[in-house]
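The numbering used here numbers the first residue of the sequence shown as 35 and each following residue consecutively.
Glycine included, every Cβ here is placed at the ideal spot set by N, Cα and C.
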Amino acid sequence: MSDPYSQALSLNDFQTLARRHLPSPLYTYVSGTCEDGLTHEANRAALRRVCLVPRILRDTTSRTAETSLLGCAWSAPIGIAPMGLSALMAYRGDIVLARAALAERIPMVISATALTRLEDVARIAPGSWFQAYLPADRAWIDGVVDRAADAGIGTLVLTADLPAAGNREYLARGRFSTPLKPSLRLALDGLTHPRWLFGTFVRTLMNQGMPHFENSMPGRGAPIIARNVEREFGARDGFSWKDVAHIRSRWKGHLVIKGVLHPEDARLAADAGADAVIVSCHGSRQLDGTIASLDALPGVVSAAGPLPVMIDSGFRRGSDVLKAIALGARMVFIGRPFLYAAAVGGEAGVRHAVTLLKAELDRNMAMLGIRTPASLGRDQIHIAGDDR
Ligand SMILES: Cc1cc2nc3c(=O)[nH]c(=O)nc-3n(C[C@H](O)[C@H](O)[C@H](O)COP(=O)(O)O)c2cc1C
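Shown next, in the form of structure tokens:
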């Protein structure tokens, strides 16, 4: 019998497979969007508004999606976004994602709220990026930054759109919480999903013990069932550009600011010495009712000047990726579908997802008459409503 993941024909198909595979609180944690899902809808609507205009009868036989960014040659302008708790969805989920990314030559970002030590991921998949959530506490900041440097991390991503946790009502409705509260309901959910229960959860407990938050602090964080777990992430609402400047003076590698939506913030990131920014609305998990990432992109790109701009939130297709590239993005990060793929198919599942996306990119480049993603010009984009 073939693995379930091989049935997936597109990134969206992994969601259907993961919904069956994961206990419902875990599926809810990954799939959810905050409050009323307005930002989620805005992202979809923005992708629908931006239309591609193909050029015909051009020789594209030598086309390639290869992309250079931050000193590396990547096989395509796509990457795996940082996602916390991945090792609860897939056995050794962070390592699965990082190894698949390494094999596929795309960037992968280790999360601050991962349950796997960043040192372990960096050792197994050198070249992985690391994302930090930081409070305005210099000892804490220095400890995390130095730890990433000691682990050989070359690119540090500071996620800046989480000064407070988003209003994730869906977590309460879906009975998911951190700390994870053991309950009869949770046990029943586990028993009705035996592949996940034994293949991920029991296997993790037996081989790694109770998962801890490993990367949010200079030292090891609390176990996921600890009462004090929320407090351990520190208050992030005081973290500011002053702290970014301090990090810049300490961190020798590439520095990336994630969560930019306002053009002025791209300028401030450049002033603070960042090497790149990621336009992001955090996969619609933070402030609801924000501008769509794709709508924010052109303004950020023009304000950023020579600073490379990347993007995430809601991108699922090769055509979605190319729309962002045409509007100035250099790399498009994707979150949930890769985690669903890791849950249902492990490393092979994630590689299958990346392969599907690369095939879409390749096919679309031919149909658009372009040899490289970067050669897709603004003239090949029509924004519906612009001509009214
Ligand atoms: C389950 C999950 C966990 C996430 N955890 C983090 C995190 O720890 N740090 C972070 O910067 N972003 C986190 N994000 C946001 C992603 O990095 C990314 O911005 C978003 O998922 C992209 O949208 P997409 O899932 O629609 O592709 C998380 C997203 C999901 C779905």
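Secondary structure at Ala-80: helix, using DSSP grouped into helix, strand and coil.
Bounds of any beta strand (DSSP E) do not take in Val-179; it lies within the alpha helix (DSSP H) bounded by 172–184. The region 65–84 makes no contact with the region 94–108, as fewer than three CB pairs between them are under 8 angstroms. Boundaries of the alpha helix (DSSP H) around Lys-276: 275–284. Within the chosen limit of 8 angstroms, ligand 1 does not reach the beta carbon of Arg-89 with any heavy atom.
Straight-line measurement puts the Cα of Asp-309 at about 30 angstroms from the Cα of Arg-126.
Exclusion of the five residues before and after Ala-376 leaves Ser-120, Met-123, Ala-124, Gly-127, Val-130, Leu-131, Ala-134, Gly-383, Val-384 as the residues of its chain whose Cβ lies within less than 8 angstroms of its Cβ. By the CB criterion at 9 angstroms, Gln-165 and Leu-190 fall inside the cutoff. According to the DSSP secondary-structure assignment, Trp-108 is paired through a beta bridge with Thr-101.
In terms of Cα proximity to Lys-286, the closest of Leu-395, Leu-91, Arg-181, Ser-40 is Arg-181. Apart from sequence neighbours up to five positions away, the residues of its chain that approach Met-117 with a beta-carbon distance below 7 angstroms are Ser-145, Gly-369, Leu-373, ordered along the chain. The alpha carbon of Ile-312 has as its nearest neighbour, out of His-280, Leu-395, Pro-342, the alpha carbon of Pro-342.
Segment contact: the region 353–364 against the region 412–421, three or more CB-CB distances shorter than 8 angstroms; contact assigned. Segment contact: the region 215–226 against the region 194–207, fewer than three CB-CB distances shorter than 8 angstroms; contact not assigned.
Membership of Phe-372 in the alpha helix (DSSP H) is indicated by the continuous run 370–402. Residue pairing of Trp-163 in beta bridges, as defined by DSSP: Val-143. Taken from the Cβ of Val-313, every heavy atom of ligand 1 lies 8 angstroms or farther away. In the assembly as shown, Leu-239 is an exposed residue. Its beta-carbon has fewer than 16 other beta-carbons within 10 Å. Under the DSSP assignment, Met-344 falls outside any alpha helix (DSSP H), being part of the beta strand (DSSP E) whose first and last residues are 343–346. Secondary structure at Gly-224: helix, using DSSP grouped into helix, strand and coil.
Within the same chain, Cβ atoms closer than 6 angstroms to the Cβ of Thr-67 are found at His-74, Ser-318, the five residues on either side in sequence being excluded. Of all alpha-carbon atoms in Gly-333, Ser-274, Trp-174, Pro-332, the one lying nearest the alpha-carbon of Asn-249 is that of Trp-174. For Leu-391, same chain residues with a beta-carbon under 7 angstroms away, outside a window of 5 residues either side, are Leu-45, Ile-112, Gly-352 in chain order. When DSSP states are grouped into helix, strand and coil, Ile-129 belongs to the helix group.
Residue Glu-153 holds the alpha-carbon nearest to the alpha-carbon of Gly-253 among Arg-397, Glu-153, Leu-402, Thr-62. Here the C-alpha atom of Arg-53 lies approximately 11 angstroms from the C-alpha atom of Trp-230.
The beta carbon of Met-244 sits closer than 8 angstroms to those of Pro-257, Ile-258, Ile-259, all from its chain and outside the five residues before and after it, given in chain order. Between ligand 1 and His-280, a heavy atom-to-CB distance of less than 8 angstroms is absent. Going by DSSP, His-416 is part of the beta strand (DSSP E) stretching over 415–417.
For a cut-off of 8 angstroms, the C-beta gap from Thr-98 to Thr-406 is around 6 angstroms, short enough to register as a contact. According to DSSP, Met-365 shares a beta bridge with Met-344. At a threshold of 8 angstroms, Ala-115 counts as near ligand 1, since its beta carbon sits closer than that to one of the ligand's heavy atoms. For Ile-345, the CB contacts under 8 angstroms within the same chain, skipping 5 residues up- and downstream, are Ile-312, Val-313, Ser-314, Ser-327, Leu-328, Leu-331, Ala-358, Ala-363, Met-365, Val-366, Phe-367 in chain order. Of the residues Ala-304, Gly-379, His-296, Glu-138, the one whose Cα lies closest to the Cα of Val-290 is Ala-304. In the displayed model, Ala-310 falls within a strand according to three-state DSSP.
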